[in-house]
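Counting with UniProt numbering, you get residues 1 to 214 for the letters of the sequence shown.
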Amino acid sequence: MSGGVRAQVEVSSPEDCPVAGASSTTGTRIDRVDRASADIDGTVGEEFVVSATANGDIDANEITSDGTRSVYRFDRERENACACDLVETAGPPVADVRANDGSLFITFRAEDVANVRTVIERLRDRYDGVRLQTLSKFDPTEGEDIVPVDRGQLTDKQREVLERAHDLGYFDYPKGANAGEVADDLDIARSTFSEHLSAAQSKLLNAVLESPTR
1 MSGGVRAQVE VSSPEDCPVA GASSTTGTRI DRVDRASADI DGTVGEEFVV SATANGDIDA
61 NEITSDGTRS VYRFDREREN ACACDLVETA GPPVADVRAN DGSLFITFRA EDVANVRTVI
121 ERLRDRYDGV RLQTLSKFDP TEGEDIVPVD RGQLTDKQRE VLERAHDLGY FDYPKGANAG
181 EVADDLDIAR STFSEHLSAA QSKLLNAVLE SPTR
């Protein structure tokens, strides 16, 4: 891949993920998750690290602890695809997995924005509350991400307005829908649509224009 984009998606409270569940029941952030390939029987093993002082039920087996960190392991059938599997079956390999407050955060590199959109659609077919948190261009010559766009800074309403405007072709040339039509679709006043869209665009443009030049 000569270039591409780097994305992080949030999956809120995936009930089939012990890692997300552990972050919720213990109230701790989980920053290390290791995934193994399926064995000959089609069983996949996954391990994650939790603070040894964390309290709460964890739906996994503790396999070791050094008094500071505890490592837990769980097994699942490969055919029971998890959120990370859904990302990888859409093309891009998972680069990082974290969990916090019951939500799963999956980072991956994709060929283009269309590939990111495919990933999100697959996740939304299974889970509620799937959001794109960050999206950035990738510079393979530098090996670094540039021009980060952090959608986490948007309010829920700003994100909804921006996504619907995009879906209806408001940003296309020629336009697929005008401001009034998008506002009607959202059942809000045109002035309210313009206010939310302007605020969202300003935040995203500030993130781009204030990024350090590589």
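All residues carry an ideal CB built from backbone N, CA and C; glycine is no exception.
Through-space distance from residue j to residue i, alpha-carbon basis
| i | j | result |
| --- | --- | --- |
| V116 | T68 | 37 Å |
| H196 | Q133 | 18 Å |
| A81 | V44 | 10 Å |
| R76 | D41 | 11 Å |
| D185 | V130 | 22 Å |
| D112 | D66 | 42 Å |
| I106 | E181 | 34 Å |
| D31 | T53 | 16 Å |
| V71 | R6 | 28 Å |
| E160 | T118 | 18 Å |
| Q153 | K203 | 7 Å |
Proximity winner among the options, relative to residue i (alpha-carbon distances)
| i | options | result |
| --- | --- | --- |
| A183 | K175, T192, G176 | T192 |
| G102 | S13, R6, R29 | S13 |
| E121 | A83, E79, I188, A179 | A83 |
Neighbour-count burial assignment, residue i, 16 or more Cβ in a 10 Å radius
| i | result |
| --- | --- |
| A36 | exposed |
| V9 | buried |
| T64 | exposed |
| R109 | buried |
| A200 | buried |
| G21 | buried |
Cβ-based neighbour list, residue i, same chain, cut-off 7 Å, excluding 5 preceding and 5 following
| i | result |
| --- | --- |
| T25 | G56, D57, I58 |
Neighbourhood of residue i by C-beta distance below 6 Å, restricted to the same chain and skipping five residues each side
| i | result |
| --- | --- |
| V33 | V19, F48, V97 |
Residues near residue i by beta carbon distance below 8 Å, same chain, minus five either side
| i | result |
| --- | --- |
| S23 | R29, I30, A99, N100, D101, G102, S103 |
| R178 | The displayed chain sequence assigns Asn, not Arg, to residue 178. Result list for N178: Y170, in chain order. |
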